[in-house]
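Right, one structure below, let's go through it.
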Amino acid sequence: SSPEPTKDEL
Amino acid sequence: MNIFRLAGDMTHLMSVLVLLLKIHTIKSCAGISLKTQELYALVFAARYLDIFTHYYSLYNTVMKLIFLGSSFSILWYMKRHKVVRRSYDKDQDTFRHHFLVLPCLVLALLINEKFTFKEVMWTFSIYLEAVAILPQLVLLQRTRNVDNLTGQYVFLLGAYRGLYIINWIYRYFAEPTYSTHWITWISGLLQTLLYADFFYYYINSVKNNVRLQLPA
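Listed in order, the protein sequences are those of chains A and B.
The opening position of the first sequence corresponds to residue 64 in the working numbering, with each subsequent residue numbered one higher.
The opening position of the second sequence corresponds to residue 846 in the working numbering, with each subsequent residue numbered one higher.
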C-alpha cells in the first residue's frame, strides 16, 4: 500500500 | 518527527491544558466558546477514527487519546459541571456553529483524496478544524476585555498552526517520500490566517503589558 505521510500528524 | 512538528504539538497540547487548568482551578469557563469546543471535539472524533485500526507510534496514540479525552472533558465541564456551567457566557456565544459543519461535510464529500468513509471523515475534520475557532474569536471580540488565560489559550492554538506550516515546509524539502498535500496545506494556511488579527492585538498587549482588548 502507498504511504500516507500526513496521517502521521495530529 | 522534526522540531517544528514537535513544538507545534506541544503548543497544541499546552493550549488544551491551559484551558482545562483554568476551568478546573478557577471553576469558571467565562470567555470560552462552547461552540468552538463542540467543534473541536467533533474534529478529533472524526479525525481519529483510525486510532484502534492503524498504529503509527506510541507518541501518536497517546497524543490522540489526550486530545480526545481533554476535548470531551472540557465539554463535560461546560455542560454538566454544576459550578462551571453557570459561568458560561451563553448569551454572548451565539455563533451558529451548525452552519459550519454542513458545508465542511459537503466539501469533504466533493474534495478528498479518496472516496472512502474514513478518508472523507478525515478530510471533513481538516476542513472543520480550519474554521472551528471562529465562534471563539467572535466571543472574544464581543467580551472585549479578555482574561489572560483565554488570551493564552487562543495564542497557543494559533502558534500550533503556524508551527505546523513550518513543519510542512520542512518535510517537503527534508523527506524524499513526502508528497504534496493540498487539502491539509490550504486548510492549515487558512486556519492560521484567521488568527492573524488576534495575533496582532495579542502581541501588542503583551509588549505594552496591558490587558488584551479587541476592537469592536
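Virtual Cβ for every residue (Gly too), placed ideally from N, Cα, C.
Query	Result
Rounded separation between R989 of chain B and M846 of chain B - CA only	39 Å
Assigned secondary structure, P66 of chain A (DSSP; H/G/I helix, E/B strand, else coil)	The predicted position of P66 of chain A is uncertain, since its pLDDT is 49 and thus under 50; no value can be drawn from it.
For Q997 of chain B, the three-state DSSP class (helix, strand or coil)	helix
Minimum Cβ-Cβ distance from W967 of chain B to chain A less than 9 Å	yes
Residue range of the unbroken alpha helix (DSSP H) whose run includes A886 of chain B	879–892
Candidates B:A1019, B:Q882, B:D1042, B:F1044, of which the one nearest M923 of chain B by Cα	B:Q882
Residues, ordered as in the chain, of the region 898–925 of chain B that lie near chain A by beta-carbon distance below 9 Å	H899, Y901, S902, N905, M908, K909, F912
Rounded Cβ spacing between A986 of chain B and A890 of chain B (contact assumed at less than 8 Å)	Just to set this straight, residue 986 of chain B is Gln in the shown sequence, not Ala. Not confirmed; about 28 Å, so no contact.
Amino acids of chain A, ordered along the chain, whose beta-carbon sits closer than 7 Å to that of D854 of chain B	L73
Coil, strand or helix - V928 of chain B by DSSP	coil
Where A977 of chain B falls, given that 16 or more other Cβ within 10 Å makes a residue buried	buried
Classification of H899 of chain B by the beta-carbon crowding that lies within 10 angstroms, buried from 16 upward	exposed
Between the CA atoms of L73 of chain A and L1008 of chain B - distance to the nearest angstrom	13 Å
Beta-carbon proximity check, L894 of chain B vs M966 of chain B, cutoff 9 Å	yes
N-terminal and C-terminal residue of the alpha helix (DSSP H) that A875 of chain B is part of	Careful: A875 of chain B lies outside any alpha helix (DSSP H) and carries neither H nor E.
Close beta carbons around Y972 of chain B, own chain, < 7 Å, minus the five adjacent residues each side	C949, L952, A953, S1032
DSSP three-state assignment for Q1036 of chain B, whether helix, strand or coil	helix
N- and C-terminal bounds of the alpha helix (DSSP H) containing D1042 of chain B	1041–1052
Burial state of W1027 of chain B (16 or more Cβ within 10 Å)	exposed
R850 of chain B at chain A interface by Cβ criterion, 9 Å	yes
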